[in-house]
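In my numbering, the protein residues as written are 534 to 1010. Quick reminder that beta carbons are idealized off the backbone N, C-alpha and C, glycines included.
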């Protein structure tokens, strides 16, 4: 089956979806005997529940997964299994539940929206020029996550779109990681050994990004060692939290952190990756869907007017909304979920069986078998979402009483499910609502005519050609 996969590698997500539709939701891929490319792919919710919940103990990241990812993710939570994964998850949970966390998130978002996104959109609106909204959102989230995790502002979000080497380095690493999934292991390992092709790009990019991370860690330690006053609430970030907070539960890991900058680097990189690229991807597809569905855009604006009494802030700089205000917007939340159903930021997930197993679909799983489930394909299955599964329809998430309905996480898998469900789900949703509401309320985005909209080949589902739009300021301000 390798020739078919290779021929369709430029449209891998659509290809896997088509094959899954033809095979009833699950198929076993057979590659050449020398390529280590055999795996099973599924979009069956019963199989996903079995793998992620019922028999979760029988599935882990696996050796091959770590070989693909560990070079850049290290021993962080993305690649970790067992006790190390549990301990890191507890650490992240403590960070998110800290009383200063939500305040920091809201403060950084409002600052970057007002001083970044609004300034850029105002400029392109006045100049009547096109702007790549995907690039704006990528830069916004990169700056936001660097501030929240590292206490460092990369200042990539400005009108002139400055070149930021470590930002481009991250995107290059992301591209190489996807290619490792579709190439025989021996081939990319040979490239890595010879330091040629994409594997050379990986080495150069990882070195660039690591310099940033280690500089931030060293600077933070030096700053905290010099400071004799308690940490100010405005200085709250992940590195500071790890160094100064008293967390008995994480005592062993805290000790390891203080002794090893490598541990800090791995934790920080994993959180940067999880918090930056996925949210910018989700926002880009959401704003495109809203811009191309005027009736849904109108419903979102009407809900905001009804529930928020939305008015300009009086200084002509635009209106953003507090987290408390955003919690009232059920239709906006439903539209976000619907967008994530159709365009999940992580289009496929990867696990490996520890022992042999039989899936609910009847497929036999051997020991050490690679299993992939596809959130992208699941959102396009009539058996799961009905005959209108390809339609952008926020109403499917709202009950007859106007309340948000419950949907099984094994059916809507954008945030994973089971023990490894995304710990930052609520944070991601509030980030998307805060930015999405601010943009939609203040500006109308018009997609440039004939601009191609296609998913990129990446471990995160970006738009291949960006999202080129024209910006109009809304008159209700």
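Residue state for residue 773 is assigned as helix, using DSSP reduced to three classes.
Per DSSP, the unbroken alpha helix (DSSP H) holding residue 748 starts and ends at 730 to 759.
When the beta-carbon positions are compared, residue 704 and residue 742 stay at least 8 Å from each other. Excluding five sequence positions before and after residue 773, the CB atoms of its chain that fall closer than 8 Å to its own CB belong to 684, 753, 757 and 764, given in chain order. Using a 10 angstroms sphere on the CB of residue 556, the tally of other CB atoms stays under 16, which defines it as exposed. Secondary structure note for residue 547: its alpha helix (DSSP H) is the uninterrupted segment 545 to 555. Between the stretch 812 to 819 and the stretch 957 to 966, the count of C-beta pairs closer than 8 Å reaches three or more; the two stretches touch.
The beta-carbon separation of residue 707 and residue 931, rounded to 34 Å, does not stay under the 8 Å limit for a contact. Collapsing the DSSP output to three states places residue 914 in coil. Here DSSP, grouped into helix, strand and coil, assigns residue 883 to strand. With contacts defined by Cβ atoms closer than 8 Å, residue 1000 and residue 979 do not form a contacting pair. Judged by DSSP secondary structure, residue 573 falls within the beta strand (DSSP E) whose first and last residues are 572 to 575. As the crow flies, the alpha-carbon of residue 828 is around 51 Å from that of residue 725. Collapsing the DSSP output to three states places residue 593 in a strand. Cβ contact annotation for residue 798 (same chain, cutoff 8 Å, sequence separation greater than five): 607, 743, 746, 747 and 750, in chain order. The closest CA to that of residue 775, considering only 629, 862, 995 and 807, is found on 629. For residue 996, DSSP records a beta bridge to 988.
With fewer than 16 other Cβ atoms inside 10 Å of its own Cβ, residue 901 counts as exposed. According to the DSSP assignment, residue 697 belongs to no beta strand (DSSP E), since it is labelled neither H nor E. A distance below 8 Å between beta-carbons, with the five flanking residues on each side excluded, links residue 958 to the following residues of its chain, in chain order: 948.
Between the beta-carbon of residue 561 and that of residue 896 there is about 7 Å, and that keeps the pair under the 8 Å contact cut. Here DSSP, grouped into helix, strand and coil, assigns residue 665 to strand. Less than 8 Å separates the beta-carbon of residue 1002 from that of residue 824. Restricting attention to 854, 713, 729 and 876, the CA atom closest to the CA of residue 883 is found in 713. One Cα belongs to residue 892, the other to residue 805, and the distance between them is close to 34 Å. In the DSSP assignment, residue 905 falls within the unbroken beta strand (DSSP E) covering 903 to 906.
Taking residue 937 as reference, the option from 888, 866, 918 and 913 with the minimal CA-CA separation is 866. Distance from the CA atom of residue 915 to the CA atom of residue 622, rounded to whole angstroms, is 35 Å. In the structure shown, residue 562 adopts extended strand secondary structure according to DSSP, grouped into three states.
Within the same chain, and ignoring the five residues on either side of residue 585 in sequence, the residues whose Cβ sits closer than 6 Å to its Cβ are 950 and 951.
Around the Cβ of residue 985, a 10 Å sphere holds fewer than 16 other Cβ atoms; the residue is exposed. Measuring C-alpha to C-alpha distances from residue 769 to each of 998, 639 and 548 identifies 639 as the nearest.
Inter-residue distance for residue 808 and residue 953 is about 16 Å (C-alpha atoms, whole angstroms).
Secondary structure note for residue 727: its alpha helix (DSSP H) is the uninterrupted segment 718 to 727. In the DSSP assignment, residue 981 falls outside any beta strand (DSSP E), carrying neither H nor E.
Residues of the same chain with a CB within less than 6 Å of the CB of residue 573, apart from the 5 flanking positions on each side, are 561 and 904 in chain order.
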